[in-house]
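For reference, the structure is listed below as structure tokens.
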Amino acid sequence: MILPGVLLLDAAGPEAGLLTAAAAARGHQVHAATTAAAYKGYGPELKGLLAGHINTDFTRPDRALDELAAYARCRGVGAVLTVNEYLTELAAHLCTELQVPGNDPVRAGVARDKAVMAGAFTAAGVRAPYTVLVRDDLELRAALKDPGIGFPCVVKPLAGAGSAGVTVVSDPVDASAAADVARAVVGMYGSGGDPGVLVQAYAAGTEYSVESLTQVGAPTHLAVTRKQVTGGASRVETGHSLPLHLPPAIEAAVYREVEAAIRAAGIWHGASHTEVIVGADGRCTVIEIGARLAAGQIGVLIQHALGVDIWTALLDVALGRPAALAPTARGYATVRFVTSPRAGRLTSLSGLPTVGPGVPFARWRAAVGSTVHEPGANGHRLGSFVVTGPDAAEVEKRADALRRQIRIGVEPGSRPAQVRSASTSAIAP
Numbered sequence: 000m001i002l003p004g005v006l007l008l009d010a011a012g013p014e015a016g017l018l019t020a021a022a023a024a025r026g027h028q029v030h031a032a033t034t035a036a037a038y039k040g041y042g043p044e045l046k047g048l049l050a051g052h053i054n055t056d057f058t059r060p061d062r063a064l065d066e067l068a069a070y071a072r073c074r075g076v077g078a079v080l081t082v083n084e085y086l087t088e089l090a091a092h093l094c095t096e097l098q099v100p101g102n103d104p105v106r107a108g109v110a111r112d113k114a115v116m117a118g119a120f121t122a123a124g125v126r127a128p129y130t131v132l133v134r135d136d137l138e139l140r141a142a143l144k145d146p147g148i149g150f151p152c153v154v155k156p157l158a159g160a161g162s163a164g165v166t167v168v169s170d171p172v173d174a175s176a177a178a179d180v181a182r183a184v185v186g187m188y189g190s191g192g193d194p195g196v197l198v199q200a201y202a203a204g205t206e207y208s209v210e211s212l213t214q215v216g217a218p219t220h221l222a223v224t225r226k227q228v229t230g231g232a233s234r235v236e237t238g239h240s241l242p243l244h245l246p247p248a249i250e251a252a253v254y255r256e257v258e259a260a261i262r263a264a265g266i267w268h269g270a271s272h273t274e275v276i277v278g279a280d281g282r283c284t285v286i287e288i289g290a291r292l293a294a295g296q297i298g299v300l301i302q303h304a305l306g307v308d309i310w311t312a313l314l315d316v317a318l319g320r321p322a323a324l325a326p327t328a329r330g331y332a333t334v335r336f337v338t339s340p341r342a343g344r345l346t347s348l349s350g351l352p353t354v355g356p357g358v359p360f361a362r363w364r365a366a367v368g369s370t371v372h373e374p375g376a377n378g379h380r381l382g383s384f385v386v387t388g389p390d391a392a393e394v395e396k397r398a399d400a401l402r403r404q405i406r407i408g409v410e411p412g413s414r415p416a417q418v419r420s421a422s423t424s425a426i427a428p
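Each step along the sequence shown adds one to the number in numbering that gives the first Met the number 0, with nothing skipped, and position 45 is 44.
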């Protein structure tokens, strides 16, 4: 029996690597759609799992769609997946072109353009922050006087990711600089750099995310994730933990809003990651939704805390098969992100946790000699590690202890220096 092939839009990163390994282990031929430059960076293990690849230009999505559809048809592709935030819209269109399970291509832009997202949420009755799109300083000043905004407020780019360019503004004098930061954000494949930015009312409360997998329009919520974030003007994630058990009434309210957001974004077959704020009154506000599996090793947390084979489940959904989503474990997992205490040149990095009992994942992106930054976006992380166990308090305690053992040496400034290779990912089987 010849199994359908699998096409993965961008196979870089640990989540994509795990998805590739899961599909290959089940006997599927896995193909990667990538760029020539990115393919050079694929490691030998990943290249060994791939049955083939196609280099395309993701900055030209119409052309890429035609090229990928032709490639997929020649190779018997029956499933298209991506864990790349910037390629979810292309994936939806490609699924429609190939007539394989995927999301609604008409609404796929909702999860990529945050101005479109705000409008779609309003139209669908999703409780979300009041949002104004501004394109110049005159409109920015008008938005700051809008009674629906107030202070503090949030200024963010239209199509960024990973908290890049997002600023919490507490004073009108800081708003123009925040808008400039948002406009300067350039994402993958040339996205960003738009003169428009969003000014959004600030939602006070506790921040969570909801990890869901939708099949034929019916979402299953796998976990509520507690998010640890920095304070100040840049709210950057420093860790995630799951599962979090909210009071039943609050959980039900959160799920209602999340499901409305999933429908608004046209997520019909696939994963979603919904960021929410729960206020002191228990009401849920949806901040954003992504039509993909959460980044930041949340898939690894789900796998080890709940016993759900999330990689196989993603594959089954993409193939139109019922996915096994019922938890088979009652554990707890947390990830800690390692960041630099200051900007400069990384001179030393020691005390990093290694994979072993209770530490199923460790990844180090930093290279001694490279320029590092204070955390202003998720891309500034030096690395991360996951800790798991049966007891939440013990897991959190151990993760904090391991984080304290890490020593980071940073020399002020960013003088050029010889860069030594960084450590690579390590993942327990």
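Glycine is no exception: its CB is placed at the ideal position from the N, C-alpha and C atoms.
Measuring only the C-alpha atoms, how far is residue i from residue j?
i	j	result
S169	S240	29 Å
G16	R255	33 Å
S208	K226	7 Å
I286	Y201	10 Å
P171	K155	15 Å
V126	I249	Strictly speaking, residue 126 in this sequence is Arg, with Val absent from that position. For R126 and I249, the distance between alpha carbons rounds to 14 Å.
S233	H379	12 Å
T19	Y70	18 Å
G230	A174	18 Å
P415	T338	Any reading at P415 must be qualified, since the residue scores a pLDDT of 39, below 50, and its modelled position is unreliable; the value itself is stated next. Those two C-alpha atoms are separated by around 20 Å.
A68	T205	43 Å
Q417	P411	With a pLDDT of 37 at Q417, under the threshold of 50, the predicted position of this residue should be treated as unreliable, and no value is reported.
G265	M116	11 Å
A176	V131	17 Å
L139	R62	36 Å
T353	G238	18 Å
L64	C73	14 Å
M187	S162	14 Å
L89	L7	12 Å
E44	A37	15 Å
T87	T81	7 Å
S424	G12	With a pLDDT of 45 at S424, under the threshold of 50, the modelled position of that residue is not reliable, and the figure given next carries that caveat. Distance between the alpha carbons of S424 and G12 is about 9 Å.
V223	V185	30 Å
C152	I276	14 Å
G124	R320	31 Å
R25	I261	29 Å
E373	V99	43 Å
F336	D399	11 Å
Return the residue from the list the options that minimises the CA-CA distance to residue i.
i	options	result
I1	G75, S175, D56 and R364	G75
V371	G408, A119 and V394	G408
D112	D103, G26 and G159	G159
A181	A392, A376 and E88	A376
T333	L401, G124 and H52	L401
F384	A361, S369 and V5	A361
V29	A392, L49 and G42	L49
A31	E44, P389, V257 and V5	V5
W363	L351, A217, T387 and L243	L351
D179	G216, D145, G355 and D136	D136
Is residue i near residue j, with beta carbons less than 8 Å apart?
i	j	result
L381	T219	no
G403	G357	In the sequence as displayed, the identity of residue 403 is Arg instead of Gly. Contact: no.
L314	A21	yes
C283	A252	yes
G77	A91	no
E96	R291	no
A122	V109	no
A322	L157	no
P330	T387	Before going further, note that residue 330 is Gly rather than Pro in the sequence given. In this structure, T387 lies closer than 8 Å to G330 by Cβ.
P3	L243	no
A203	G149	no
Taking its Cβ as the centre, do 16 or more other Cβ atoms sit within 10 Å of residue i, making it buried, or is it exposed?
i	result
P428	The pLDDT assigned to P428 is 44, lower than 50, so where the model puts this residue is not dependable, and the model offers no usable value.
G40	exposed
A270	buried
T166	buried
R341	exposed
H52	buried
L345	buried
R419	Confidence at R419 is low in this model, with a pLDDT of 35, below 50, so the placement of that residue should be treated as unreliable; the coordinate-derived value is given next. Exposed, because fewer than 16 other Cβ atoms sit within 10 Å of the Cβ of R419.
D56	exposed
E274	buried
P128	buried
R406	exposed
Please check the pair residue i and residue j, which I expect to be a contact at CB under 8 Å, by giving their CB distance rounded to whole angstroms.
i	j	result
G289	H272	4 Å
P326	L300	The Cβ separation is near 12 Å, so there is no contact.
V316	S347	Going by Cβ atoms, the distance from V316 to S347 rounds to 44 Å, so no, they are not a contact pair.
A114	V198	11 Å between Cβ atoms; not a contact.
V79	L93	5 Å
N54	A35	5 Å
R134	G195	5 Å
V307	L221	6 Å
E210	I297	6 Å
With a cut-off of 8 Å, does the C-beta of residue i fall near any C-beta of chain D?
i	result
Y207	The structure shown contains no chain D; it is built from a single protein chain.
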